[in-house]
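Engineer: Sharing a structure below in structure tokens format, with a few things to ask.
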Amino acid sequence: MRILLPDDTELELPEGASALDAARAIGPRLAEQAVLARVDGEPRDLRLPLPDGARLQLLTTRDREDPDALAVLRHSSAHLLAEAVRRLHPGVKVAIGPPIDSGFYYDFEFPEPIHESDLEAIEAEIRREIAEGRRWERQEITADEARSRFAHEGETYKVELVDTAEGEISLYTQGDFTDLCRGPHLQDATPIQAITLTGLAGAYWRGDERNTQLTRIYGTAFFTQEDLDAHLARLEDARARDHRRLGPQLDLVHLSDASPGSPFWHPKGMVLWNTLEDLRRVENGRRGYLEVKTPLIYDRTVWETSGHWEKFRENMYLVAGEGEEPHAGLKPMNCPGHMLLFGSQLRSYRDLPLRYAESSTLHRNELAGTLHGLLRVRHVTQDDAHIFCTRQQIEDEIFGCLDYVAFLYDLFGMSARFELSTRPDDKLGTDEEWDFTEGALRSALERRGLDYFEGVGEGAFYGPKIDLHMTDVLGRAWQMGTIQLDAQMPARFGLTYMGADNAEHVPYVIHRALLGSLERFLGILIEHYAGAFPLWLAPVQLTVLPVGEGHREAARALAERVRAAGYRVEVDERDETLGRRIRDTELAKVPYAVVWGDRESDESLAVRVRGEGQATMSLDDLLSRLRDETPAVLAS
RNA sequence: GCCGACGUAGCUCAGCUGGUAGAGCACAUCACUCGUAAUGAUGGGGUCCCCGGUUCGAGUCCGGGCGUCGGCUCCA
903 MRILLPDDTE LELPEGASAL DAARAIGPRL AEQAVLARVD GEPRDLRLPL
953 PDGARLQLLT TRDREDPDAL AVLRHSSAHL LAEAVRRLHP GVKVAIGPPI
1003 DSGFYYDFEF PEPIHESDLE AIEAEIRREI AEGRRWERQE ITADEARSRF
1053 AHEGETYKVE LVDTAEGEIS LYTQGDFTDL CRGPHLQDAT PIQAITLTGL
1103 AGAYWRGDER NTQLTRIYGT AFFTQEDLDA HLARLEDARA RDHRRLGPQL
1153 DLVHLSDASP GSPFWHPKGM VLWNTLEDLR RVENGRRGYL EVKTPLIYDR
1203 TVWETSGHWE KFRENMYLVA GEGEEPHAGL KPMNCPGHML LFGSQLRSYR
1253 DLPLRYAESS TLHRNELAGT LHGLLRVRHV TQDDAHIFCT RQQIEDEIFG
1303 CLDYVAFLYD LFGMSARFEL STRPDDKLGT DEEWDFTEGA LRSALERRGL
1353 DYFEGVGEGA FYGPKIDLHM TDVLGRAWQM GTIQLDAQMP ARFGLTYMGA
1403 DNAEHVPYVI HRALLGSLER FLGILIEHYA GAFPLWLAPV QLTVLPVGEG
1453 HREAARALAE RVRAAGYRVE VDERDETLGR RIRDTELAKV PYAVVWGDRE
1503 SDESLAVRVR GEGQATMSLD DLLSRLRDET PAVLAS
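Residue numbers (the working numbering): 903 to 1538.
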């Protein structure tokens, strides 16, 4: 048979030859360094036979940044971890141990709980294994053989995995550890030049909290120590721009035990907040939204109508008098308020689409363990809106939301991942209905030219949705904006409009929050800019620094001239050295600093530009520069 | 909510096998009035997260609670 190599040359091999055979045919060094085959673009174990005519690429220890090469390295590392744990903790049961983006983990059920301090010994044992040498052997067996083998060993999780496995069953053995595993794996452990265990966590078997909680050990591995060091250095850098550190450091916001999950916004943080609010309000006006304000507390009957009383009561803050049953609840979302508002008058098809916007405080009693800085809070503020429309208007309205969302994220230079979530198992409504609604969302996405991936079965029970996701500095994904189509809530609230046919119809409603929660958006924004906000967002846009005591008055006058042009200006006339005040301005990440002394005049200013160093320019030049950096939507 | 770790001055942290708590930064006062990333001196500042227990004695040991951090689950 023939296979095709990356340089388009052909290699003639005997029938049934593996990628490793191919490597040997090319050169012994390649065979030795090979870690993984890529066959027609797909990663494949080196030991597996190649199909005739396959396009083969061999990944070696030199492909140390290739995601597939790293994945196989880490997958084999996870097996070494399991081997070490079984030796050190007899009676442990092994579950699963895959590679992940940042490393690998393995889940175990320990007979006795283990602690973080136990990791050191496990890591030492792994190093010992590597020093001693480990080779992986692959073996294919039937499901029955696998089942009886793992049942005999008492590995109940493996038995369960065999029962649900599809296709052929394979085993990989290294040292005295044999694991049920699809592969691929390294030939031997020598490519694992840097490995470390990074943490311990609880994790439910198969991700279901009704199952037993296993102990998950996390680790990471690289082809070189240098790569591991770089990885750890990147993590350290990321922590420096973590919004939980920068928020208090830049005097923007803090959190307190006095009200967990509820940020205290400082004056400088409020500048950011209000800028987002201005942006939202101005742009809503342009795009045909109508601002409304609805109550924070509603009678429980409203929550019973909406279904929240039944479904989300545990996460709601309920209101009760002394010794009473709760009779009301704080709103965890705005929908019911907007439904009631729509229903308060007779509506005509001529009124539609009707777009109600409200940026309101919401309270959600999130589980204690889920709170996370500004990214997961109990006090939530959504840039919310509800669009009431007819069936025919859905696609255009979704398109409008997507256009709006693209406009907003572009403004911040951020790119979100779009996910289309389709019908879940417990959906309401017919398949025909879902075909239509999903189709409307899909064609709006395509018409706007947006790339998206599909979350099959991830939709809400009342309709499909489009979510935006972004990652924080540590690579964790967070849901930002959401656009949800709802064909159920209006009916629950008995909402109708009079159609052109003089008959009542139930409107559709689109729930949409584009930034998502302002708290979360600001958290991501702080990390996105590492606190160095563009001029138009910066809490202080310009600091004037008088050189000496005698320059203070002139500095104040200059500040006043810039302030009059509409900018946020401060004069730092503290009794500190100039060097010190420049340093503080720099650390506060103020975009512009102007030093004012004997040599300066409106015609010739000493301007320090953040990230660029010093420049000399006139006041007029400076002001026009400031103007250029303000987006049109916010230029008043 | 679950698993693991942590909680000491406004912040970052030290405090050994239990013996009356410390540094740097920040803050205040004084001197200096300064030309592009830290002037110097002096001083004030603590419910060692909370409650209970062991002990002659607890920041330190034990139990419970709260909060934070890393995960899991959840997220209208």
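Using N, Cα and C, we set each Cβ at its ideal position, and we do this for glycine too.
None of these values were measured; they are calculated from a predicted model.
(1) Whole angstroms is fine: what's the gap from Y1306's alpha carbon to Y1191's?
(2) Of the choices H1017, V1061, L938, whose alpha-carbon is the least far from that of K995?
(3) When you compare each of D1110, P1255, C1237 to R1394 by their alpha carbons, which one comes out closest?
(4) Among H1145, L1310, M1241, which residue has its Cα nearest to the Cα of P1409?
(5) With a cut-off of 8 Å, do at least 3 Cβ pairs link the segment 1261-1270 to the segment 1224-1234?
(6) Under 8 Å, do L952 and S920 count as touching if we go by C-beta distance?
(7) Please report the distance separating the alpha-carbon of G886 from that of I1016.
(8) DSSP state of T1098, grouped into three classes?
(9) On a CA-only basis, which of Q1247, A1023, D1003 is nearest E967? Give me that one, please.
(10) Is the beta carbon of V1282 closer than 8 Å to that of L1273?
(11) Let me know the alpha helix (DSSP H) ranges lying completely inside the segment 1255-1322, each 4 residues or longer, listed in chain order.
(12) Of the residues V1442, V1358, F1435, G1365, which one's Cα is nearest the Cα of H1413?
(13) Quick one, which of V1492, F1363, A1222, W1380 has its alpha-carbon nearest Q1390's?
(14) Leaving aside the five residues before and after L867 along the sequence, list all residues of the same chain whose C-beta is less than 6 Å from its C-beta, in chain order.
(15) Taking all protein chains shown into account, decide if R1510 is buried (16 or more other Cβ within 10 angstroms of its Cβ) or exposed.
(16) Report all residues from its chain with a CB closer than 7 Å to the CB of R949; omit the five preceding and five following residues, and keep chain order.
(17) Taking a contact to mean a Cβ-Cβ separation below 8 Å, would you say E1260 touches K1329 in this structure?
(18) Can you give me the start and stop residues for the alpha helix (DSSP H) that L1462 sits inside?
(19) Could you check where the alpha helix (DSSP H) with T1092 kicks off and where it finishes?
(20) Please confirm whether H981 and Y1074 have their CB atoms less than 8 Å apart.
(21) Work out the CA separation of H1133 and F1125 for me, nearest whole Å.
(22) State buried or exposed for I998, treating a residue as buried only when at least 16 other CB atoms are found within 10 Å of its CB.
(23) What residue range does the alpha helix (DSSP H) around I1428 cover?
(24) Using the three-state DSSP reduction, which class does S1506 fall into: helix, strand or coil?
(25) Could you give the distance in angstroms between the alpha-carbon of D1090 and the alpha-carbon of H977?
(26) Taking just the CA atoms, how far does N1186 sit from D1153?
(27) Would you kindly report the start and end of the unbroken alpha helix (DSSP H) that includes T1207?
(28) Going straight from the alpha carbon of E1297 to that of Y1251, what length do you get?
(29) Using the C-alpha atoms, what's the distance from H1430 back to K1367?
(30) If I follow the unbroken alpha helix (DSSP H) through P1493, where does it start and stop?
(31) Who are the near neighbours of G1425 in its chain, counting only those whose CB is closer than 7 Å to its CB and skipping five residues on each side?
(32) Ignoring anything shorter than 3 residues or poking outside the segment 1170-1240, list the beta strand (DSSP E) runs there in chain order.
(33) Figure out for me which residue from E1335, Q1127, Q1247, D1333 has the closest Cα to the Cα of L1397.
(34) Just verifying my parser: in three-state terms, what is the DSSP assignment at E967?
(35) Give me the residue from D1374, G1271, V1411 with the minimum Cα distance to Q1295.
(36) Answer yes or no: the CB of H1288 versus the heavy atoms of the ligand MN, is any distance below 7 Å?
Structural biologist: In terms of the structure at hand:
(1) Here residue 1306 is taken as the residue at index 404 of the first sequence, counted from 1. Here residue 1191 is taken as the residue at index 289 of the first sequence, counted from 1. Whole-angstrom Cα-Cα distance: 12 Å.
(2) Start at 1 with the first residue of the first sequence, and residue 995 comes out as number 93. Cα-wise, what sits closest to K995 is V1061.
(3) Start at 1 with the first residue of the first sequence, and residue 1394 comes out as number 492. The option with the nearest alpha carbon to R1394 is C1237.
(4) On the first sequence, residue 1409 is found 507 positions in, with the first residue counted as 1. When each option's Cα is compared against that of P1409, the closest is M1241.
(5) Between the segment 1261-1270 and the segment 1224-1234, the count of Cβ pairs shorter than 8 Å is three or higher; the stretches touch.
(6) In the first sequence, counting from the first residue as 1, residue 952 sits at position 50. In the first sequence, counting from the first residue as 1, residue 920 sits at position 18. Contact flag set, yes.
(7) The first residue shown for the chain is 903 and the last is 1538, placing residue 886 beyond what the model contains.
(8) Residue mapping note: residue 1098 aligns to position 196 of the first sequence, counting from 1. Under the three-state reduction of DSSP, T1098 is assigned to strand.
(9) Start at 1 with the first residue of the first sequence, and residue 967 comes out as number 65. Selected option, being the one with the closest Cα: D1003.
(10) Against the first sequence, residue 1273 aligns to sequence position 371. Against the first sequence, residue 1282 aligns to sequence position 380. Cβ distance not < 8 Å, so L1273 and V1282 don't count as in contact.
(11) The alpha helix (DSSP H) runs of length 4 or more contained entirely in the segment 1255-1322 are, from start to end of the chain, 1296-1313.
(12) What you label residue 1413 is simply residue 511 of the first sequence in a count that begins at 1. Residue G1365 is the option with its Cα nearest to H1413.
(13) What you label residue 1390 is simply residue 488 of the first sequence in a count that begins at 1. Closest in alpha carbon position to Q1390, among V1492, F1363, A1222, W1380, is F1363.
(14) Nothing can be reported for residue 867: it is not among the residues displayed for the chain, which extend from 903 to 1538.
(15) Sequence index remark: in the first sequence, residue 1510 carries index 608 (1-based). It counts as buried.
(16) Here the question's residue 949 lines up with position 47 in the first sequence. Correct list, in chain order: S920, L922, R1040.
(17) In the first sequence, the residue the question calls residue 1260 occupies position 358. In the first sequence, the residue the question calls residue 1329 occupies position 427. Taking 8 Å as the cut-off, the Cβ atoms of E1260 and K1329 do not count as close.
(18) Position 560 of the first sequence, counted from the first residue, corresponds to residue 1462. Residue identity differs from the one stated: residue 1462 is Glu in this sequence, not Leu. Residues 1454-1466.
(19) By one-based count along the first sequence, residue 1092 stands at place 190. T1092 -> no alpha helix (DSSP H), and no H or E assigned at all.
(20) Position 79 of the first sequence, counting from 1, holds the residue named residue 981. Position 172 of the first sequence, counting from 1, holds the residue named residue 1074. Yes.
(21) Locating residue 1125 in the first sequence gives position 223, counting from the first residue. Locating residue 1133 in the first sequence gives position 231, counting from the first residue. Put simply, the backbone Cα of F1125 is about 12 Å away from that of H1133.
(22) Position 96 of the first sequence, counted from the first residue, corresponds to residue 998. If you draw a 10 Å sphere on the C-beta of I998, you find 16 or more other C-beta atoms in it, and that means buried.
(23) For the purposes of this step, residue 1428 is taken as residue 526 along the first sequence, with counting starting at 1. That run of the alpha helix (DSSP H) goes 1420-1431.
(24) Counted from its first residue, the first sequence places residue 1506 at position 604. When secondary structure is reduced to three states using DSSP, S1506 falls in the strand class.
(25) Start at 1 with the first residue of the first sequence, and residue 1090 comes out as number 188. Start at 1 with the first residue of the first sequence, and residue 977 comes out as number 75. The alpha-carbon atoms of D1090 and H977 are separated by roughly 12 Å.
(26) In the first sequence, counting from the first residue as 1, residue 1153 sits at position 251. In the first sequence, counting from the first residue as 1, residue 1186 sits at position 284. Straight-line Cα distance between these residues: approximately 30 Å.
(27) Within the first sequence, residue 1207 is the residue found at index 305, counting from 1. Unbroken alpha helix (DSSP H) run through T1207: 1202-1208.
(28) Translated into positions along the first sequence, residue 1297 becomes position 395. Translated into positions along the first sequence, residue 1251 becomes position 349. Going by the C-alpha atoms only, they are around 17 Å apart.
(29) Translated into the one-based positions of the first sequence, residue 1367 becomes position 465. Translated into the one-based positions of the first sequence, residue 1430 becomes position 528. Here the alpha carbons of H1430 and K1367 stand approximately 26 Å from one another.
(30) As a first step, residue 1493 is located in the first sequence; it is residue number 591 there, counting from the start. P1493 -> no alpha helix (DSSP H), and no H or E assigned at all.
(31) Here the question's residue 1425 lines up with position 523 in the first sequence. Close CB contacts of G1425 within its chain, under the 7 Å cut and outside five residues either way in sequence, are with H1145, G1275, L1276, L1277 (chain order).
(32) Within the segment 1170-1240, the complete beta strand (DSSP E) runs of at least 3 residues are 1199-1201, 1230-1232.
(33) Walking along the first sequence from the start, residue 1397 turns up at place 495. Per the Cα distances, Q1247.
(34) To locate residue 967, count along the first sequence from 1; it is residue 65. DSSP places E967 in coil when its eight states are reduced to three.
(35) Position 393 of the first sequence, counting from 1, holds the residue named residue 1295. Nearest of D1374, G1271, V1411 to Q1295, Cα basis: V1411.
(36) The ligand MN is not among the ligands present in this structure, which contains no ligands whatsoever.
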